[in-house]
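Input: a single structure, listed below in C-alpha cells.
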C-alpha cells in the first residue's frame, strides 16, 4: 500500500503564495503519474496540475502561469508552488499517485485563500 504524506496547506491572503508537498512511500519515479487535484465543498474534484513519469506537465487553465509543479529527486517529493492565489472557498488539495492501474490518495491539505 502506497502512503502519501502531504503538507503545506493553510490560510493565505489573496495574492499570496503557498507551497504544497507530497512525499510518497516509494520512489516518485515508480509512478506513471502524480499530480494535484482540489475539491471544494459541494463541488467536483478538479485537476490542478499533473506530471507523468517522463516529466511532462499539464496545468488547469485557471492556474497556468501562477502554479508550478516540480519534483525533487533527492527529497523524493512532488511540490506545487502556488503564487498569486485568488480568493476561493476552502478546498482540499489531493496528491494522487498512479502506480500501474492503481491510484493512491493521501488525506490532502486544506487551502483557504481569504482576507
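Numbering (our numbering), first residue to last: 620 to 734.
For glycine and all other residues, C-beta sits at the position ideal for the given N, C-alpha and C.
The structure displayed is predicted, hence computed values, not measured ones.
With DSSP run on the structure shown, which of helix, strand or coil describes residue 649?
Walking along the chain shown from the start, residue 649 turns up at place 30. Residue 649 falls in the helix class under three-state DSSP.
In the structure shown, what three-state DSSP assignment does residue 631 receive?
Numbered from 1 along the chain shown, position 12 holds the residue referred to as residue 631. Here residue 631 sits in strand by DSSP.
Tell me the DSSP bridge mates of residue 690?
The sequence position of residue 690 within the chain shown is 71, counting from 1. Note: residue 690 sits in a beta bridge opposite 697.
Quick check on residue 641: does DSSP put it in helix, strand or coil?
Locating residue 641 in the chain shown gives position 22, where the first residue counts as 1. Residue 641 falls in the strand class under three-state DSSP.
Using 8 Å for Cβ pairs, my map puts residue 656 next to residue 698. What's the rounded Cβ distance?
Stepping through the chain shown from its first residue, residue 656 is reached at position 37. Stepping through the chain shown from its first residue, residue 698 is reached at position 79. Going by Cβ atoms, the distance from residue 656 to residue 698 rounds to 15 Å, so no, they are not a contact pair.
Buried versus exposed, by CB contacts within 10 Å (16 or more), residue 648
Residue 648 sits at position 29 when you count from the first residue of the chain shown. Classification for residue 648: exposed.
Residue 626 lies in the beta strand (DSSP E); which residues open and close that run?
For this step, residue 626 is matched to residue 7 along the chain shown. Run containing residue 626: 623 to 626, per the beta strand (DSSP E) assignment.
Quick one: grab the DSSP three-state call for residue 680.
Residue mapping note: residue 680 aligns to position 61 of the chain shown, counting from 1. Three-state result, residue 680: coil.
Helix, strand or coil, according to DSSP, for residue 709 in the structure here?
If you number the chain shown from 1, residue 709 lands on position 90. The answer is strand: DSSP assigns residue 709 an E or B state.
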